[in-house]
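> This is the structure I want to talk about, given as C-alpha cells.
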Amino acid sequence: MSRTTTPGLLPQDTAVSDSLAFGGGAPPGGPADDRPRTMYISRGLKDNLFRVGAHGGGVIVLAVMTLVGVFLALRGAEAVKATGWSFLTEQSWEPAAGRFGIAAVLFGTVVIALVAIVVALPLALGVATYISEYAPAGMKTFLTNIVDLMAAIPSIVYGLWGFYWLQGELIPVAQWISHYLGWIPMLAVPQFDPKDPLATPTVFTSSAFLAGLVVALMVAPIAASIMREVFSQAPIGEREGALALGSSKWGMITSVVYPFGMGGIIGGTMLGLGRALGETIAVYIVISPIFVINGHILSTGSNSISALIALRYSEATPLELSGLMAAGLVLFLITMAVNFLAGAIVSRSRSGASS
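Taking my numbering, the leading residue of the sequence shown gets 1011, the next gets one more, and so forth.
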C-alpha cells in the first residue's frame, strides 16, 4: 500500500490517516502512538507577581488563624488540665474555688445568636429583595449606601441604644409574648404573675431576647448587603423568560432570583451568625450576667463567652486567665465550624458554584 500525503494536512494528521489505513495499528516506520502536544505557558513578570501575591495572601491568612488557635490552646491548657471535661459542663465560674466552666455562658452565646438570626434573616431578606427588585432606580444607590453605613456603625452605639431606649420599649412586648405564648417553655417567665398587682416588670429587662434583638440590628445590614449583591447577579435571560411565560413579579423572584441567590442567602446568614456569636460590647452593655443556664429568653439574666472575657479579663488570676483563653478557644472553634459549614453549603449552590 503506497503512502500518500493529503495536501493541507499536518504531520500528525498524516499519522492518524495512516493509522486508520493500517487497521488502527501504527503505520510501518511511523510513530508508536499519537499523543497530544504539550502546551507551555510563558507568564510575564506581572502575572508571576500576582500569582505569588495571591497564594501568599491565602497562606498568610491560614497561618495567622492557625497561630491564633495554637496560642489559645496553649494558654488555655492549664485550665482544661485542672478541670477536665467539667470545663464544658460546669455552669458556675469560681476559679478561686477550683469550680469553673462555660456551660452557662456557652448556652447564652448560642441563644443570643439564634435569636439574632431568627430576627435578622427575614429583615435582611426583605431589605435585599426590595433594593434589588422593587426600589426605583434613583433610590437604589441611596438605600444601598444607607445599609452599608449601618453595617459600619460601632457596636457600642447599638449597645447604648438597646440599653437606654429599646429596653424600656421592649418590656410591654415581652409581657404580651409571655402572656399569650407562655405555653412555650422558652417564652415563659415564671417570676412574673400578671394577676399580682405587686409584680414588677423589671424581670423582663436585661434578657437574652433584648441582647438578641440588639445583635440582630447589627447583623441584618451585613447579611442584606451580601444578599442584595447576589440577587443583582441573577441571569437577566431567566428573569425575562419567567416574565414572558406569564409569571408575576413575585413569581419571578421566587422562581429565579431566590433559587439563584440561595448561596448568598445562606452565606449572608452564616456570616451574620458568626458575627452574632462573637459580639462583645453590645451584649456586655445590655445583659445582666449570670452563671446559670437560663432557658427563659424573656427573663432577666444571660451571658456569653465574649462578654465573660470582657468582664473578667482585667482582674483575672493566672488560672482564671487560662480559663478565659480556653473559653475563647471554644468560641473560636465554633465560629470556624460555622464558617466552614457555610462555605460547603454555598459552594453547592448555583450562585456559589458559578463564582
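Heads up, the beta-carbon is just placed ideally off N, CA and C, and yes, glycines get one too.
Compare the C-alpha of G1247 against each of F1270, I1236 and M1237 and name the closest.
Nearest of F1270, I1236 and M1237 to G1247, Cα basis: F1270.
> Can you check whether the CB of L1131 is closer than 8 Å to the CB of T1279?
A contact, by the Cβ cut-off of 8 Å.
> State the CB to CB distance for the pair A1292 and V1137, rounded to an integer number of angstroms; the pair is presumed to be in contact (CB under 8 Å).
That belief does not hold up - the Cβ atoms of A1292 and V1137 are roughly 20 Å apart, past 8 Å.
> Among E1143, V1229, P1182 and V1225, which one has its Cα closest to the Cα of T1215?
The shortest Cα separation from T1215 among E1143, V1229, P1182 and V1225 belongs to P1182.
> Please report the distance separating the alpha-carbon of F1350 from that of F1081.
Going by the C-alpha atoms only, they are around 21 Å apart.
> What residue range is occupied by the uninterrupted alpha helix (DSSP H) comprising T1048?
Segment: none, T1048 is in no alpha helix (DSSP H) and carries neither H nor E.
> Throw me the rounded Cβ distance for the A1126 and A1252 pair, which I believe falls under 8 Å.
Contact doesn't hold; Cβ gap of about 34 Å is too wide.
> Is S1312 buried or exposed, if buried means 16 or more other CB atoms sit within 10 Å of its CB?
Per the 10 Å Cβ criterion, buried.
> Please determine if the stretch 1250-1269 and the stretch 1137-1148 are in contact, where contact requires at least 3 C-beta pairs separated by less than 8 Å.
Verdict: yes, contact present.
> I'd like to know if the stretch 1189-1198 and the stretch 1281-1299 are in contact, where contact means that at least 3 CB-CB pairs between them fall below 8 Å.
Because the criterion of three Cβ pairs below 8 Å is not met, the stretch 1189-1198 and the stretch 1281-1299 do not touch.
> Roughly how many whole angstroms lie between the Cα atoms of L971 and V1229?
Outside the displayed range of the chain (1011 to 1365) lies residue 971, so it cannot be described from this structure.
> Could you work out which residue in V1078, P1046 and V1121 is closest to I1315 when comparing CA atoms only?
The candidate whose alpha carbon is nearest that of I1315 is V1121.
> Does the beta-carbon of W1186 have 16 or more other beta-carbons within 10 angstroms, so that it is buried, or is it exposed?
Burial call: exposed.
> Can the beta-carbon of G1169 be found closer than 8 Å to that of V1224?
Yes.
> With a cut-off of 8 Å, do at least 3 Cβ pairs link the stretch 1109-1121 to the stretch 1314-1333?
Touching, yes.
> Under the DSSP definition of a beta bridge, which residues are partnered with R1238?
Per DSSP, none; premise fails for R1238.
> Alpha carbon to alpha carbon, what distance is there between A1354 and N1155?
Computed Cα separation, rounded: 30 Å.
> For the stretch 1256-1306, list the alpha helix (DSSP H) runs that are entirely contained and at least 4 residues long, ordered along the chain.
Segments of the alpha helix (DSSP H) lying fully in the stretch 1256-1306: 1259-1262, 1272-1288 and 1291-1296.
> Where does F1202 fall in DSSP's three states?
F1202: coil per DSSP, three-state reduction.
> Please go through the same chain and pick out, in chain order, the residues whose beta-carbon is closer than 8 Å to the beta-carbon of L1098, but skip the five residues on each side of it.
G1111, I1112, A1113, L1116 and V1340.
> For W1186, which of helix, strand or coil comes out of DSSP?
DSSP places W1186 in helix when its eight states are reduced to three.
> Would DSSP call W1171 helix, strand or coil?
DSSP places W1171 in helix when its eight states are reduced to three.
> Are the beta-carbon atoms of G1086 and M1335 separated by less than 8 Å?
Cβ distance < 8 Å, so G1086 and M1335 count as in contact.
> With a CB to CB cut of under 7 Å and the five nearest residues on each side skipped, what residues in its chain are close to F1032?
Its pLDDT being 43, under 50, F1032 is placed unreliably by the model, and nothing is read from it.
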